[in-house]
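Asker:
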């Protein structure tokens, strides 16, 4: 009887270990850029799919990429550029051969990217990607360094390759500016805008002072919502992440995959969309 119980106990442990090992190998798809076909079922890879390291993929081109996450590996990149095309022009590979870690942007924390008064605009808009996930952004500017009124304003300058645009950023009162992407970039081919330069302008003296730049990133809000919900589901079902930490993990995902954005704007947006 004791031997039977021992055998049953061993079998139970084997089942648990086997199951744990299988889950550890699973990768959940969070983001897809371009078309990537899972040859196992001949369907396009989509957000929410679950694959393994042994899954065979067919990339539409070497520009096709995807972001996946695993319980042991964390966020990983499936990079089609690492594949050499076969003689028939197909970019075929096993997942394990094109799997690379996503470098977490630890410099962008929830503490450093907020609505707090911007003393050094050149540090805030320092040439890095800036993500727009809201219809408008209100930023408070240090009144000692950059006094704002009808004669002293912020402006941007950018090109979409065909035209050069100069646009005023409206003042919002109390030494604040309001950034409204739809109006600032109206008429421009936004997918061709590479860098936006920011200036402080004193109209009376025509003094134009360059104070920073950023790379604008415009995200489809429905797509971002789908990605964040997929990540939230993964965290809830496969990790012991406390609920209060899930929001920070979602924010970190945007920083890692897309670029900098304001934390409070992010918080308002995920609450409004019912993500948190």
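Residue numbers (mature numbering (1 follows the signal peptide of the UniProt record, and there is no 0)): -24 to -1, 1 to 252.
Beta carbons: idealized from backbone N, C-alpha and C, even for Gly.
1. Excluding the 5 residues flanking residue 87 on each side, which residues of the same chain have their C-beta closer than 6 Å to its C-beta?
2. In terms of alpha-carbon separation, which member of 171, 170 and 124 lies closest to residue 148?
3. Can you tell me the Cα-Cα spacing of residue 151 and residue 129, whole angstroms?
4. In whole angstroms, give me the CA-to-CA distance for residue 232 and residue 191.
5. Give me whichever residues DSSP pairs with residue 106 in a beta bridge.
6. Taking just the CA atoms, how far does residue 157 sit from residue 237?
7. Go ahead and pull the three-state DSSP assignment for residue 122.
8. Nearest CA to the CA of residue 42: which residue from 197, 108 and 3?
9. For residue 208, report the span of its alpha helix (DSSP H) as first-last.
10. Contact check, residue 75 vs residue 32 under 8 Å by CB: the rounded distance?
11. Mind checking whether residue 101 and residue 189 have CB atoms under 8 Å apart?
12. Would you mind sorting residue 34 into buried or exposed? The rule is 16 or more other CB atoms within 10 Å of its CB.
13. State the Cα-Cα distance for the pair residue 155 and residue 47, rounded to the nearest angstrom.
14. Among 62, 135 and 119, which has the Cα closest to the Cα of residue 163?
15. Can we say the stretch 48 to 68 touches the stretch 6 to 14, given the rule of at least three CB pairs closer than 8 Å?
16. Closest by CA to residue 168, which one among 68, 139 and 145?
17. By the three-class DSSP mapping on this structure, what secondary structure does residue 249 have?
18. Given a cut-off of 8 Å, decide if residue 115 and residue 153 are closer than it, judged by their beta-carbon atoms.
19. Please classify residue 228: is it buried, with 16 or more other beta-carbons within 10 angstroms of its beta-carbon, or exposed?
20. Skipping 5 residues on each side, what residues in its chain have a beta carbon closer than 6 Å to that of residue -11?
21. Going by DSSP in three states, residue 159 sits in which element: helix, strand or coil?
22. Counting C-beta neighbours from all protein chains within 10 Å, is the total for residue 27 16 or more, i.e. buried, or is it exposed?
23. Mind pulling the beta strand (DSSP E) runs of 3 or more residues that sit fully within the stretch 12 to 49?
Answerer: In brief:
1. By 1-based counting over the chain shown, the position of residue 87 is 111. Note on residue 87: pLDDT 36, under 50, position unreliable in the model; the coordinate value appears next. Once the five neighbours on either side are set aside, residue 87 has no close Cβ partner at all.
2. Stepping through the chain shown from its first residue, residue 148 is reached at position 172. That would be 124, whose Cα lies nearest to the Cα of residue 148.
3. Here residue 151 is taken as the residue at index 175 of the chain shown, counted from 1. Here residue 129 is taken as the residue at index 153 of the chain shown, counted from 1. About 10 Å.
4. For the purposes of this step, residue 232 is taken as residue 256 along the chain shown, with counting starting at 1. For the purposes of this step, residue 191 is taken as residue 215 along the chain shown, with counting starting at 1. Spanning the two alpha carbons is a distance of roughly 15 Å.
5. Counting from 1 along the chain shown, the entry for residue 106 is found at position 130. 192 and 236.
6. Sequence index remark: in the chain shown, residue 237 carries index 261 (1-based). Sequence index remark: in the chain shown, residue 157 carries index 181 (1-based). Cα to Cα, the separation comes out at about 13 Å.
7. Here the question's residue 122 lines up with position 146 in the chain shown. Three-state DSSP puts residue 122 in coil, outside helix and strand.
8. Against the chain shown, residue 42 aligns to sequence position 66. Among 197, 108 and 3, the Cα nearest to that of residue 42 is on 3.
9. For this step, residue 208 is matched to residue 232 along the chain shown. Element bounds for residue 208: 197 to 214.
10. Working through the chain shown from its first residue, we reach residue 75 at position 99. Working through the chain shown from its first residue, we reach residue 32 at position 56. Rounded, the Cβ-Cβ distance is 13 Å, inconsistent with contact.
11. In the chain shown, the residue the question calls residue 101 occupies position 125. In the chain shown, the residue the question calls residue 189 occupies position 213. Taking 8 Å as the Cβ cut-off, residue 101 and residue 189 qualify as a contacting pair.
12. Locating residue 34 in the chain shown gives position 58, where the first residue counts as 1. Buried is the call here.
13. The residue given as residue 155 occupies position 179 in the chain shown. The residue given as residue 47 occupies position 71 in the chain shown. Looking at the two C-alpha atoms, the distance is approximately 38 Å.
14. On the chain shown, residue 163 is found 187 positions in, with the first residue counted as 1. Of the listed residues, the one whose Cα sits closest to residue 163 is 135.
15. yes
16. Along the chain shown, read from residue 1 onward, the residue named residue 168 stands at position 192. Ranking 68, 139 and 145 by Cα distance to residue 168 puts 139 first.
17. Within the chain shown, residue 249 is the residue found at index 273, counting from 1. In this structure, residue 249 counts as coil in the three-state DSSP scheme.
18. By one-based count along the chain shown, residue 153 stands at place 177. By one-based count along the chain shown, residue 115 stands at place 139. Against a cut-off of 8 Å, the Cβ pair of residue 115 and residue 153 comes out as a contact.
19. Residue 228 sits at position 252 when you count from the first residue of the chain shown. Burial call: buried.
20. Numbered from its first residue, the chain shown carries residue -11 at position 14. Caution applies to residue -11, whose pLDDT of 40 falls short of 50 and renders its modelled position unreliable; the model cannot decide the point.
21. Counting from one through the chain shown, the residue named residue 159 turns up at place 183. Of the three classes helix, strand and coil, the one that applies to residue 159 here is helix, per DSSP.
22. Residue numbering aside, residue 27 sits at position 51 when the chain shown is read from its first letter. Residue 27 comes out buried.
23. 12 to 14, 26 to 28, 32 to 35 and 41 to 46
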